[in-house]
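Down below is the structure, laid out as structure tokens.
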Amino acid sequence: MLRDAMLILFSAICLSLIELLSMLQKRIEYSGNIFGTS
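Reading the sequence shown from the start, the letters are residues 229 to 266 in the numbering used here.
Rendered as structure tokens:
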């Protein structure tokens, strides 16, 4: 029972992290001229 809760929590954290990373990537691409092109 505890393992199931831990798995659900872990998957939720992973999904939110992936969503956050994609948001950051879009924001960096949008304001790329501020940071300068690599």
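Cβ atoms here follow ideal geometry from the backbone N, Cα and C, with glycine treated the same way.
Could you tell me the distance, in whole angstroms, from the CA atom of residue i to the CA atom of residue j?
i    : j    : result
R231 : L237 : 10 Å
I256 : M229 : 41 Å
I259 : L252 : Just to set this straight, residue 259 is Ser in the shown sequence, not Ile. When rounded, the distance between both Cα atoms is 10 Å.
S239 : S250 : 17 Å
Can you list, in chain order, the residues of its chain with a C-beta nearer than 6 Å to that of residue i? Leave out the 5 residues immediately preceding and following it.
i    : result
M234 : none
Reducing DSSP to helix, strand and coil, say where residue i ends up.
i    : result
S239 : helix
M229 : coil
S250 : helix
S259 : coil
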